[in-house]
Amino acid sequence: STVVLVFQAPISQPSADKSTSAEFSFCIKKRDRVRMGEALGR
Amino acid sequence: NSSSQGNTLLLPGATVATIVMLGLLHARRLYDDQKIEDAREKGILEFQPDVKATFMRLLPLRSISRFWGTLTNVELPMWLRPSVYKGWARAFHSNLEEVALPLEEYASLREFFVRRLKEGTRPIDPDPCCLISPVDGTVLQFGELKEVGAMIEQVKGFSYSVSSLLGASSLLPMNVVDDNTNQDGGQEGSMDDTNQKSWWRVSLASPKVRDPAPARPMKGLFYCVIYLSPGDYHRIHSPADWNVLGRRHFSGRLFPMNERATRTIRNLYVENERVVLEGKWQEGFMAMAAVGATNIGSIELFIEPTLRTNRPWKKLLHPEPPEEQVYEPRGTGVLLKKGDELAAFNMG
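Protein sequence lines, in the order shown, are assigned to chains A and B.
Residue 16 is where the first sequence starts when you use this note's numbering, and the numbers rise one by one after that.
Residue 29 is where the second sequence starts when you use this note's numbering, and the numbers rise one by one after that.
This is the structure in structure tokens:
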């Protein structure tokens, strides 16, 4: 069984003020074992 | 004497031949496994359909799945339960120390399979800006979907589109592009006109109404594919605080979902039976697809206990379109908090 998560999140904006922009990034790698509750990205 | 001598000579000969043959098969298997491992490490695991994959399409996998479910639902005698569950845990690397109840209290393997865990064994990341894993498992793919008709790679050489996974009517990539376009003064009006009939498209297509702040960051569409092996904890939790606006149920095939299957079976994720939940979180659209497999064919939704999956398939040649359910109140749906339990994969 498999779970596929699809979601919108902020991306970098070339013209945006960098001090206020918050860009989503994953904190996992392929083949990582993850457990429920652990962060996938921030 | 001569006949006994003949037998003595014949038996070792046959035995040796069998051992050599098994040895060669084993060596071949080890060689193939090593090749796959090397390819995986290099990130070039390629799609290679084979005869076995073709043969799988001929098998009545849904019936096999339901039979497996019936078999594993048989109540086991109390004295036998610990041995069976310990055997299962040994075979599939489950951690029995995390199990919430004493093993004797799980009446069947099916019940043990969807076991809850002890309180505190899965702490939820407290960062309010993070998205947590909804399940225990192995990360197969993740990334950002950048183009219209966004595709998720099954393995190198074969991909499937997000819209075919979530539903043909979704038009998700187009909405995401328009969502971003709207930041620059795009065609918001025309999108609203065409999307009024869809409960979730409306939620995506009006970013200016939801958040008129000019400094609002642009939004991208991301995905993450997590595979659950048979020994894993099989309950699904909410990855963030979100409003689940609706659900689609695709009654499809039930191919296995292991690594070999992803390499050899075309359209695995979009042909298998699955339940898709769609809604909104603080950053916009969110959807989660729970894809079934032969051994784990049915998906139970705690937010909709009446949903039944893996039922006998009546129209083999013309599978029905996905069955949709809009959650009330319309536009708000069901509010789930990060870490809330929302579904489970059941055996069979």
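For every residue, glycine included, the Cβ atom is placed at its ideal position computed from N, Cα and C.
When we look at the beta-carbon of Glu351(B) and count the other beta-carbons within 10 Å, is it buried (16 or more) or exposed? Classification for Glu351(B): exposed.
Along the beta strand (DSSP E) that carries Ser308(B), what are the first and last residues, could you check? Ser is not the amino acid found at residue 308(B); the sequence shown has Lys there. Per DSSP, Lys308(B) is one residue of the beta strand (DSSP E) stretching across 302-309.
Enumerate in chain order the residues of its own chain whose CB-to-CB distance from Glu126(B) is below 8 Å, with the five nearest sequence positions on each side excluded. The residues Leu145, Lys146, Thr149, Tyr261, in chain order, have a CB closer than 8 Å to that of Glu126(B) in the same chain once the five nearest residues on each side in sequence are set aside.
Within-9 Å CB hit, Lys247(B) to chain A: Judged by the 9 Å Cβ criterion, Lys247(B) is in contact with chain A.
Which chain A residues are close to Thr46(B), counting only those with a beta carbon under 8 Å from its beta carbon? Result: empty, since nearest Cβ-Cβ is about 37 Å, beyond 8 Å.
Got a sec, what are the start and stop residues for the beta strand (DSSP E) Gly171(B) sits in? Boundaries of the beta strand (DSSP E) harbouring Gly171(B): 165-173, taken from the DSSP string.
So, is the C-beta of Arg150(B) closer than 9 Å to a C-beta in chain A? Arg150(B) counts as touching chain A.
Sorted by chain position, which residues of the same chain lie with C-beta nearer than 7 Å to His353(B)'s C-beta, five sequence neighbours on each side aside? The sequence shown places Gln at residue 353(B), rather than the His named in the question. So the list reads Gly274, Arg275, Glu332, once near-sequence residues are dropped.
So that I know if they touch, is there some Cβ in chain A lying closer than 9 Å to that of Gly195(B)? Not one chain A Cβ lies under 9 Å of Gly195(B).
Measuring only the C-alpha atoms, how far is Tyr134(B) from Ser111(B)? Straight-line Cα distance between these residues: approximately 12 Å.
Closest by CA to Tyr113(B), which one among Ala372(B), Ala268(B), Leu305(B), Arg143(B)? Of Ala372(B), Ala268(B), Leu305(B), Arg143(B), the residue nearest in Cα terms is Arg143(B).
Taking Met375(B) as the reference, give the member of Gly320(B), Glu356(B), Leu329(B), Ala119(B) with the closest Cα. Relative to Met375(B), the option among Gly320(B), Glu356(B), Leu329(B), Ala119(B) whose CA is nearest is Gly320(B).
Can the beta-carbon of Arg302(B) be found closer than 9 Å to that of Ala371(B)? No, the pair does not count as a contact, with Cβ atoms beyond the cut-off.
Secondary structure at Thr17(A), three-state DSSP: helix, strand or coil? DSSP places Thr17(A) in strand when its eight states are reduced to three.
The ligand GDP heavy atom lying under 8 Å from the CB of Val298(B): The ligand content of the structure shown is nil, which means the ligand GDP is not present either.
Residue from Gln169(B), Leu282(B), Gly177(B) with nearest C-alpha to Val183(B): Ranking Gln169(B), Leu282(B), Gly177(B) by Cα distance to Val183(B) puts Gln169(B) first.
Closest Cα partner of Ala81(B) within the set Val163(B), Ser122(B), Lys247(B), Leu282(B): Closest option to Ala81(B), judged by alpha-carbon separation, among Val163(B), Ser122(B), Lys247(B), Leu282(B): Leu282(B).
Less than 9 Å between CB atoms is the rule here; does Met84(B) satisfy it with respect to chain A? Answer no: the Cβ-Cβ gap between Met84(B) and chain A never drops below 9 Å.
Out of curiosity, what's the CA-to-CA distance linking Glu139(B) and Thr98(B)? In a straight line, the C-alpha of Glu139(B) is about 12 Å away from that of Thr98(B).
6 Å CB neighbourhood of Glu172(B) in its chain, flanking five on each side removed: Gly248, Phe250, listed in sequence order.
How many Å lie between Trp96(B) and Ile324(B) at the Cα? Going from the Cα of Trp96(B) to the Cα of Ile324(B) covers about 9 Å.
For Ser326(B) and Ser93(B), what's the separation of their Cα atoms in angstroms? When rounded, the separation of the alpha-carbon atoms in Ser326(B) and Ser93(B) is 9 Å.
In terms of DSSP beta bridges, what is Ile160(B) paired with? Beta-bridge pairing links Ile160(B) to Ala54(A).
For the alpha helix (DSSP H) that Trp341(B) lies in, which residues bound it at each end? Neither: Trp341(B) is in no alpha helix (DSSP H) and is coded neither H nor E.
Ser16(A) versus Glu287(B): straight-line alpha-carbon distance, rounded: The C-alpha of Glu287(B) is placed about 11 Å away from the C-alpha of Ser16(A).
Which same chain residues, not among the five before or five after Ser377(B), have their C-beta less than 7 Å away from its C-beta? Lying outside 29 to 376, the shown extent of chain B, residue 377(B) is not represented and no answer is given.
Sort out for me which residues DSSP pairs Cys252(B) with in a bridge. Looking at the DSSP output, Cys252(B) bridges to Leu20(A), Phe170(B).
Considering only DSSP beta bridges, list what Asn374(B) is partnered with. Ser326(B), per the DSSP bridge assignment.
Those residues which DSSP pairs with Tyr188(B) across a bridge: Beta-bridge partners of Tyr188(B) (DSSP): Ile180(B).
Between Asp164(B) and chain A, is there a C-beta pair that is closer than 9 Å? Yes, its Cβ sits closer than 9 Å to a Cβ of chain A.
Rounded to the nearest angstrom, what separates Lys44(A) and Leu58(B) at their Cα positions? Going by the C-alpha atoms only, they are around 26 Å apart.
Write down every uninterrupted run of the beta strand (DSSP E) in the stretch 57-113 of chain B whose length is 3 residues or greater and which is fully enclosed by it, in chain order. Not a single unbroken stretch of the beta strand (DSSP E) spanning 3 or more residues falls wholly within the stretch 57-113 of chain B.
From this set, Asp368(B), Val304(B), Trp341(B), which residue's C-alpha is nearest Leu20(A)'s C-alpha? Scanning Asp368(B), Val304(B), Trp341(B) for the CA closest to the CA of Leu20(A) turns up Val304(B).
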